[in-house]
Amino acid sequence: MKMADGSVKIYLYHRTTGAPLDETRLVESFAEAEKKKRRAGQRTLTDLVRFFDTSETFASLSDEVRKQYPWKLKRVEQRWGTVPEETFNNQDDADAFAADALAWHQELGKTSHRSADNLMSALCRVLSFAKEKRRIKFHPIPSFERLYKSERADKVWPPELQQQFISTARLAMKTAMILVRNTAMRAKDIREFAWTRYDGQRVQIRSSKGKKWLWIPATRELREHLDSLPRIGALVMLTPSGKAYQRRYFNEHWREDADAVGAGDLNFHDNRGTAATLLAEAGATAPEIAEALTWTVDKAQRIIDTYLARRGVLAANAIAKLEVYRERMPKGR
1 MKMADGSVKI YLYHRTTGAP LDETRLVESF AEAEKKKRRA GQRTLTDLVR
51 FFDTSETFAS LSDEVRKQYP WKLKRVEQRW GTVPEETFNN QDDADAFAAD
101 ALAWHQELGK TSHRSADNLM SALCRVLSFA KEKRRIKFHP IPSFERLYKS
151 ERADKVWPPE LQQQFISTAR LAMKTAMILV RNTAMRAKDI REFAWTRYDG
201 QRVQIRSSKG KKWLWIPATR ELREHLDSLP RIGALVMLTP SGKAYQRRYF
251 NEHWREDADA VGAGDLNFHD NRGTAATLLA EAGATAPEIA EALTWTVDKA
301 QRIIDTYLAR RGVLAANAIA KLEVYRERMP KGR
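Each residue of the sequence shown is one higher than the one before, counting from 1 in UniProt numbering.
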């Protein structure tokens, strides 16, 4: 541009965005303009939220589960909606986002641990769905430490919550739940559970000491579910791509489906305690539970002490037996 005094002044602008460039820091200002261009032309995390909540996966959730999402997704969008989708296609950017999101989780926790966990779970579900569908390359928060902690005696999956999980979870996780609630197997053994360990009437599971494989009767629920599954590989449980589940991928899928039914901080392992608890509530003794689940008697007794005594079940059973005894006593004693 020609000035009034006859001199010429040069102004530099970024061609696409029209942003002025500072010639004293040309490289930096050009990079900033490029970043603005990418943000202006690309989709954001809000688009990922829409990608999830308009999907068939979301539509297939139970009405009760879907009702829990709107307020959570709204809060996620309010805080993170403008984050460029491209963030999750670059490892460094994705890691930086994870650090910010985890700090947000901690800040929310100052008000409510449960709400903080719910919001973080919703954010993670959006990202995991986008990654699973190959919309993004990196999901930087496959797991996080939950703030809400319940008492140990509460850490038992109620049968109705297990059934809700079974009705809403993806097939592999449904299979995992049915296996653990009927056999109390470890997650590792369930991931590696082969068809050769089921003969139509019995399942073969590892003993509590991990040294022996023992055959135990399969429950009706377990038989019916296993018989309904297609045998497309050596293992009963496979990923959507037909591969064996690795620990991290299994934990990620389990956590997503557990969060979808509001399981809180109940984890997979807590189902093992539930299996023993239900047997005990049905009247099975510690030796009988040990035999059914291939545990030691001491371990079965610890489970009874941990899960039943603190819930008052043992006391209730004892009182019931006392009442029966009194009714049978001769009058006048």
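Glycine residues also receive a C-beta, built at the ideal position from the N, C-alpha and C atoms.
Quiz item: Any idea what DSSP makes of T239, helix, strand or coil?
Solution: coil
Quiz item: Residues in its own chain within less than 7 Å of W157 by CB, not counting five upstream and five downstream?
Solution: L266, D270, N271 and T274
Exercise. Helix, strand or coil for Y249, going by three-state DSSP, please let me know.
Key: helix
Quiz item: DSSP on M230, reduced to helix/strand/coil?
Solution: Note that residue 230 corresponds to Pro in the displayed sequence, not to Met. P230: coil per DSSP, three-state reduction.
Quiz item: Is DSSP giving R135 helix, strand or coil here?
Solution: coil
Quiz item: In the DSSP assignment, what are the bridge partners of Q204?
Solution: W215
Quiz item: Just the Cα atoms here: how many angstroms apart are A40 and R75?
Solution: Residue confidence for A40 is low, a pLDDT of 49 falling below 50, so the modelled location carries little weight; the figure read from the coordinates is stated next. Computed Cα separation, rounded: 23 Å.
Practice problem: Name the residue from V203, H253 and D298 whose alpha carbon lies nearest to the alpha carbon of K131. | Solution: H253
Quiz item: Which term fits Q162, buried or exposed, when burial requires 16 or more other beta carbons within 10 angstroms of its beta carbon?
Solution: buried
Exercise. Helix, strand or coil for S282, going by three-state DSSP, please let me know.
Key: According to the sequence displayed, residue 282 carries Ala and not Ser. Correct three-state label for A282: coil.
Exercise. Just the C-alpha distance for M185 and L229, rounded to the nearest angstrom, thanks.
Key: 19 Å
Exercise. Specify the secondary structure class of Y69 as computed by DSSP and reduced to three states.
Key: helix
Practice problem: Please list the segments of the alpha helix (DSSP H) lying wholly inside the region 45 to 121, counting only runs of 4 or more residues, in order along the chain. | Solution: 45 to 53, 56 to 59, 63 to 67, 69 to 80 and 91 to 109
Quiz item: Secondary structure at A244, three-state DSSP: helix, strand or coil?
Solution: strand
Quiz item: What does a CB cutoff of less than 6 Å around R152 pick up in its chain, not counting 5 residues either side in sequence?
Solution: Low local confidence applies: a pLDDT of 48 at R152 is under 50, so the model's placement there is unreliable, with the coordinate-based value given in what follows. Result list for R152: empty, nothing under 6 Å.
Quiz item: Looking at V261 and F165, is the spacing between their C-beta atoms short of 7 Å?
Solution: yes
Quiz item: So, helix, strand or coil for A300, using DSSP?
Solution: helix
Quiz item: How is A194 classed by DSSP in three states: helix, strand or coil?
Solution: strand
Quiz prompt | C-beta atoms of V44 and E85 nearer than 7 Å | solution = The displayed chain sequence assigns Thr, not Val, to residue 44. Closer than 7 Å, so yes.
Exercise. Return yes when the Cβ of A187 is within less than 7 Å of the Cβ of F268, no when it is not.
Key: yes
Quiz item: For I166, which of helix, strand or coil comes out of DSSP?
Solution: helix
Quiz item: In angstroms, rounded to a whole number, what distance separates the CA positions of A258 and W195?
Solution: 26 Å
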